[in-house]
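Colleague: Just so you know, we're using UniProt numbering here: the sequence shown kicks off at 11 and counts up by one.
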Amino acid sequence: TGPILTLNNGVRMPSLGFGTFASQGSEGETHRAVVCALNAGYRHLDCAAFYQNEGEVGTGIKEFLAANPSVSRSDIFICTKVWNHLHQPEDVEYSLQQSLKLLQVDHVDAFLVHWPIASKRNKDYSPMIGADGKYVIDDELTQNPEPTWRAMESAYSRGLTRSIGVSNFTAADMTKVLSFAKVAPTMNQIEIHPFLPQDALIAFCIAHKIVPVAYSPLGSQDQVPGTGEKVSTNQELNRVAEAKGASLAQVLIAWGLKRGYVVLPKSSNPGRIESNVQLVQLTEEEFEAVNKVAKGRWTRFVNMKDTFGFDVWPEEA
Ligand code: A2P
11 TGPILTLNNG VRMPSLGFGT FASQGSEGET HRAVVCALNA GYRHLDCAAF YQNEGEVGTG
71 IKEFLAANPS VSRSDIFICT KVWNHLHQPE DVEYSLQQSL KLLQVDHVDA FLVHWPIASK
131 RNKDYSPMIG ADGKYVIDDE LTQNPEPTWR AMESAYSRGL TRSIGVSNFT AADMTKVLSF
191 AKVAPTMNQI EIHPFLPQDA LIAFCIAHKI VPVAYSPLGS QDQVPGTGEK VSTNQELNRV
251 AEAKGASLAQ VLIAWGLKRG YVVLPKSSNP GRIESNVQLV QLTEEEFEAV NKVAKGRWTR
311 FVNMKDTFGF DVWPEEA
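Put into structure tokens, the structure is as follows:
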């Protein structure tokens, strides 16, 4: 499942992971997708409390391990994340404990702060939503995430997670965390695909020994506002795939791995789950052809503006 990368604390992480966000449709879908992914050879599962399907991920892992005694829990890298409304230190702990219970494990391999935004919660631990339908932001904790990070560090030092990291953080957000971190983030999970190559942020992460992790590496099937363009129907990209006799997804996964970061394709279709893990290698020419399409692009498909009430990434970060 791709090269194994070593995080800044020595923990090893497979560079191809299976994203579980897509498979949250009908009941049992995530369970089936996880079993299928593990059978296909994935050994890295990307999860989050926000995806509301960790219970099915847990039963999927359990079923797979029971049927495959030669594979143990420690062979599978499991990542999960704390959502915005649980950034208060004691809530970070609560969130992780909930995830561990649902995933049916005693620790995860990575625990991430899902967004650099803290919001308020209700007494029943649900996100507090304002009259405008948006999250009620906790300005203080958003401006100063040190208490949240201390709780992440505490979870790490107590062995509840083998590494801690962030997601959707800009260079400025990471600089802030690095300024007070006793345990530095090991990774930053961000949107990366040929329409959002993120050269600057990737370089920043690598310079600070933070592994970039790409979500939506296939371009998410979304359209570029205005032009209606899609990664999946881009002619140049499809030409590379056809000439190679590979799927476009395989080319995009190979492009990410060759650029040196972790790639998290997601699918709930068994055939595509299996073919995405069949890795291909790009020649320099093929690599350059994809780079050429990516050059100068900046289209984010994931934007939580409607949920948070503002854009976390106001400009090129
Ligand atoms: P499906 O679940 O039907 O396979 P991203 O990871 O960039 O967000 O993309 C996920 C989307 O890409 C999902 O809609 C998934 O749909 C689709 N997808 C995953 N693998 C492939 C593939 N090999 N070919 C085409 N589409 C794919």
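Virtual Cβ for every residue (Gly too), placed ideally from N, Cα, C.
Indicate the three-state DSSP secondary structure (helix, strand or coil) for residue 162 in the structure shown.
Modeller: helix
Colleague: Return helix, strand or coil for residue 41, following the three-state DSSP convention.
Modeller: helix
Colleague: From what residue to what residue does the beta strand (DSSP E) around residue 177 run?
Modeller: 174 to 177
Colleague: Measuring CB to CB, does residue 26 end up less than 8 Å from residue 54?
Modeller: Cβ distance < 8 Å, so residue 26 and residue 54 count as in contact.
Colleague: Can you look up residue 116 in the DSSP assignment and give me helix, strand or coil?
Modeller: coil
Colleague: Helix, strand or coil: which one does DSSP assign to residue 29?
Modeller: In the three-state DSSP reduction, residue 29 falls in the strand class (E or B).
Colleague: Helix, strand or coil for residue 129? Go by DSSP, reduced to three states.
Modeller: strand
Colleague: Between which two residues does the beta strand (DSSP E) harbouring residue 96 extend?
Modeller: Segment: none, residue 96 is in no beta strand (DSSP E) and carries neither H nor E.
Colleague: Looking at the ligand A2P, does it come within less than 7 Å of residue 276, judged from the CB to the closest heavy atom?
Modeller: yes
Colleague: How is the alpha helix (DSSP H) around residue 57 delimited, first residue to last?
Modeller: Residue 57 -> no alpha helix (DSSP H), and no H or E assigned at all.
Colleague: In the DSSP assignment, the alpha helix (DSSP H) including residue 63 goes from what residue to what residue?
Modeller: No alpha helix (DSSP H) contains residue 63, which DSSP labels as neither H nor E.
Colleague: Is residue 36 near the ligand A2P, in the sense that its beta carbon is under 7 Å from a heavy atom of that ligand?
Modeller: no
Colleague: Reducing DSSP to helix, strand and coil, say where residue 157 ends up.
Modeller: Secondary structure of residue 157 (DSSP, three-state): helix.
Colleague: Would you mind working out which of 282, 265, 280 sits nearest residue 296, comparing C-alpha positions?
Modeller: 265
Colleague: Between the stretch 95 to 102 and the stretch 159 to 170, can you find at least three pairs of beta-carbon atoms closer than 8 Å?
Modeller: yes
Colleague: Can you tell me whether DSSP reads residue 138 as helix, strand or coil?
Modeller: coil
Colleague: Is residue 188 buried or exposed, if buried means 16 or more other CB atoms sit within 10 Å of its CB?
Modeller: exposed
Colleague: Please report how far the alpha carbon of residue 70 lies from the alpha carbon of residue 48, in whole angstroms.
Modeller: Rounded to whole angstroms, residue 70 to residue 48 spans 9 Å at the Cα level.
Colleague: Taking only heavy atoms of the ligand A2P into account, decide whether any of them is closer than 7 Å to the Cβ of residue 62.
Modeller: no
Colleague: Going by DSSP, what residues sit across from residue 201 in a beta bridge?
Modeller: 225
Colleague: Have a look at residue 67 and residue 223 and give me their C-alpha separation to the nearest angstrom.
Modeller: 20 Å
Colleague: Across the stretch 276 to 296 and the stretch 174 to 186, are there enough close Cβ pairs to call them in contact, namely three or more that are closer than 8 Å?
Modeller: The stretch 276 to 296 and the stretch 174 to 186 do not touch, with fewer than 3 CB-CB distances between them shorter than 8 Å.
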